[in-house]
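S.K.:
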Amino acid sequence: MLNRRLVRLGGIVKRLRERADLTQAEAAELIGVNRGTWISMENGTRRPQISKILAVADKLEATPGEREKLLALAAKPQEPGWMRPLRGRLPEAYSELIEIERDARLIQAWEPTMPHGLLQTPNYARAHARRSLLEATDERVEARVIARVSRQATFTARDDAHLSVVLGEAALHYQVGGPDVHHEQLQHLLTASHQPNITLQIMPFAGGAHACMMGSFTIFAFTDDDPPVGYLETPASDYFLDDETPDLAHLLNTYPKLKADALPPAESRELITTTLQHHERRTQQNGLPFALAQE
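Counting with our numbering, you get residues 306 to 600 for the letters of the sequence shown.
1) Mapping DSSP to helix, strand and coil, what is E331?
2) CA-CA distance, E323 and L375?
3) Pull up the DSSP beta-bridge partners for I507, would you.
4) If you draw a straight line from the alpha carbon of Q599 to that of D566, how long is it in whole angstroms?
5) If you reduce the DSSP assignment to three classes, tell me which class L537 lands in.
6) Identify every residue that forms a DSSP beta bridge with F522.
7) With contact counted as at least three CB pairs below 8 Å, one residue from each stretch, are the region 570 to 590 and the region 496 to 508 in contact?
8) When you compare the CB positions of Q354 and W343, do they come within less than 8 Å of one another, or not?
9) Which one or two residues does DSSP pair with F545 in a beta bridge?
10) Relative to the C-alpha of F460, which residue among E489, A497 and A476 is closest?
11) With distance defined between alpha-carbon atoms, name the residue in L546, R463, H499 and T539 nearest to L439.
12) According to DSSP, simplified to helix, strand and coil, what is H493?
13) DSSP three-state label for H499, please.
14) Do the region 358 to 365 and the region 396 to 408 make contact, defined as three or more Cβ pairs closer than 8 Å?
15) Just grab the DSSP bridge partners of H467 for me.
Given below as structure tokens:
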């Protein structure tokens, strides 16, 4: 599996070489490596030595900003403290997802049937993991919950990132975990929708057909000169898409259409509120408090 940080590093190295109007062989000779080493650096298949990255920055006249980014991407990222106890209990792709999510400046996601991971309550995440994991042991389920809550805390603490999510209206109606958990999740979505770094829109049933009737996806955008990364999560595996794949281009073209077809943020909040009130009335009509309604 390719390391996306190294792929991004390679993209910058390639742009510097092309800006200098050099072939791969010429650039390799300039910094004292063979052509194969240079190619692996551009392709992101090998972590280069810091000394070689410094040589690239110096010889190819990188700007101070480019130099700083090269060094940051070349360094092996420090694993978050909360990840260490979870080693072996999370899939390999999860570590890379966390890395990319931590670097992204803009996260755009389409989720037709469930809240995005950064918007899930712990109880919702736990109930979902128990039904969706192939081996839903208590240990694996709790690892997912801890990871999800920790990812949310990391995102919330940042002031340089924005989350834009389009949810299908179905995500407001599936009672994952029962009525009590459902009620809590709806309240959480309503609260999150007021956060300045979160844009939440709902794709209403009444809207009919739209640009993505099948599947969910996430797009991670970084800075203006860093290519975006796409992410697809399926029951069988997770996939990352880079800027050279037509699939990513399709996602980049699809997301604005989804936003245009979805309700604006204010109307989306109204729909969440209406759904929440309907849920409360239905539970009260059953004569049970929320905590007992799921029994």
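Where is the CB? At the ideal position from N, CA and C, for every residue including glycine.
M.R.: Inspection of the coordinates gives the following:
1) helix
2) 16 Å
3) L472
4) Legend: pLDDT at Q599 = 45, less than 50; position of this residue unreliable, value from coordinates given subsequently. Going from the Cα of Q599 to the Cα of D566 covers about 34 Å.
5) strand
6) W415
7) yes
8) no
9) Y536
10) A497
11) T539
12) helix
13) coil
14) no
15) L411
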